[in-house]
Amino acid sequence: MSEAKRKQVLSAIQPTGDMHFGNYFGAVKNWVALQEKYDCIYGVVDYHAMTMPFNPKKLRAHTWELVFNLLAVGVKAESLFIQSLVPEHTELCWIFNCFTSYGQLTRMTQFKDKSRQSEEAGGGFISAGLFDYPVLQAADILIYRADYVPVGKDQEQHLELTRDIAQRFNQQMGKEYFVLPEPLFTDTPKIASPADPTRKMSKSAGDKHYISLFEDEARIRKKIRSAVTDTGATPEGQMSPGVKNLFELLKASEDMDAYESLMKDYQAGTLKYVNLKDAVADALVRLSDHFKERKAALMAEKKEVKRQIKESSARIRTIAQQTVRDVKELCGLQNVKG
Ligand code: TRP
């Protein structure tokens, strides 16, 4: 008997170099877990990375770097594709542009934030690609008829736009062609910067604000040892953001014995921060060692791994091609065959 068809999950990440514990605990670890229950497709979306000022050499290097990092932490090669190997995304994006309201795009908050950053980095230049980015994202999702899209709350507006595009397309073409995708807001830990626990862990804020998954042991220990614990402004009886972040890291690393025993100390008022920090550093180093080992094994077979990813991208592309053929047919455009 054939198994019931599993739901389709789609998510994507931009190739912006290093992967840190904030990305891992907040998103990618969940991607790995979802592979057990769903059919998953995960994209390294290099076309998206062109919307901000970029450098071609770095774009290419970061794309492969991210592929190896994702594989090292447990994303399956069969699930993974590189967006520019599936150019149908951009073709569908164009078609969707004609089903997207200009007014709605002007209200995207990520565009407002990023256009400010882009203006600073690019000397006043804001690309039309940055403005159109959410439509490309809608194409990324709908091209695979995804049921679920695991994303952070910051992407809620883009998901809403995706559903609006799907609905408008279905309505105007007179066919329930596209599935309306649902966001999957899993309760993943939001990891803060060790140097400033009031902001999230992020690479753009500078070296001391993030810990790479593949960082040297000594540097991981140093960053945790110098993590801010008391910010001064915490009301009586509440855990300070820095201490909370360290506990969050320990829990996310699944060292529950250390977590529970240190939490008891905290509640009894006998916690020594140095003990908490040592436990967190040990847990992160353990994870990092494991990931480094896996990455080294993948790097030793670099050519073969690249071949696998090109192959899985080609296989995933056949799904995208079918969708674009259907869409062109529905829109009265020409297909070479048929
Ligand atoms: N916009 C997402 C982000 O900034 C990345 C992304 C691009 C994405 N295409 C996607 C996420 C499709 C989910 C589905 O994080």
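The sequence shown begins at 1 in this note's numbering and counts up by one. For each residue, glycine too, the CB sits at the ideal point set by N, CA and C.
Kindly identify the DSSP beta-bridge partner or partners of residue i.
i            : result
cysteine 40  : Val9
tyrosine 351 : In the structure as shown, the chain starts at 1 and stops at 338, and residue 351 therefore has no counterpart that could be examined.
histidine 20 : Ser212
leucine 249  : Answer is none; leucine 249 lacks a bridge partner.
leucine 80   : Tyr42
alanine 192  : Lys200
Pull up the CB-CB distance for residue i and residue j, whole angstroms please, since I reckon it's below 8 Å.
i                 : j             : result
valine 135        : cysteine 93   : 5 Å
proline 194       : alanine 227   : 4 Å
isoleucine 224    : valine 280    : 5 Å
asparagine 69     : methionine 19 : 5 Å
proline 53        : alanine 121   : 5 Å
glycine 366       : threonine 51  : An answer regarding residue 366 cannot be provided, because it is not within the stretch 1 to 338 covered by the chain.
arginine 317      : leucine 85    : 7 Å
isoleucine 165    : threonine 100 : 6 Å
phenylalanine 111 : arginine 145  : So it is not a contact: roughly 26 Å between Cβ atoms.
Could you check where the alpha helix (DSSP H) with residue i kicks off and where it finishes?
i              : result
valine 336     : Per DSSP, valine 336 belongs to no alpha helix (DSSP H) and is neither H nor E.
methionine 173 : 156–173
cysteine 93    : 88–97
lysine 328     : 302–331
glycine 129    : 128–142
arginine 225   : 217–225
alanine 121    : 109–121
threonine 106  : 102–106
leucine 85     : Per DSSP, leucine 85 belongs to no alpha helix (DSSP H) and is neither H nor E.
tyrosine 259   : 256–268
alanine 205    : No alpha helix (DSSP H) holds alanine 205; DSSP gives it neither H nor E.
valine 32      : 29–34
valine 391     : Look at the range of the chain in this structure, 1 to 338, and you will see that residue 391 is not part of it.
threonine 229  : Looking at the DSSP string, threonine 229 is not in any alpha helix (DSSP H), and its letter there is neither H nor E.
threonine 63   : 56–73
Checklist line | the region 174–183 in contact with the region 211–224 per 3-pair CB rule at 8 Å | finding: Taking one beta carbon from each stretch, the region 174–183 and the region 211–224 have fewer than 3 pairs nearer than 8 Å; the two do not touch.
Notebook entry, point to check: Looking at C-beta atoms only, is the number of pairs between the region 39–58 and the region 10–20 that lie closer than 8 Å three or more?
Noted result: Two segments are said to touch when three or more pairs of C-beta atoms, one from each, lie closer than 8 Å; by this definition the region 39–58 touches the region 10–20.
Next item on the list: Kindly confirm or deny that the region 106–116 and the region 78–89 touch, where touching means at least three C-beta pairs closer than 8 Å.
Entry: Too few Cβ pairs lie closer than 8 Å, so no.
Notebook entry, point to check: Touch check for the region 318–328 and the region 92–106: three-plus C-beta pairs under 8 Å?
Noted result: Judged by Cβ distances under 8 Å, the region 318–328 makes contact with the region 92–106, as three or more pairs qualify.
Notebook entry, point to check: So does the region 200–215 actually touch the region 276–293, counting three or more Cβ pairs closer than 8 Å?
Noted result: Touching, yes.
Notebook entry, point to check: Per the contact definition of three or more C-beta pairs closer than 8 Å, is the region 201–208 in contact with the region 160–179?
Noted result: Of all C-beta pairs linking the region 160–179 to the region 201–208, fewer than three are shorter than 8 Å, placing the two stretches out of contact.
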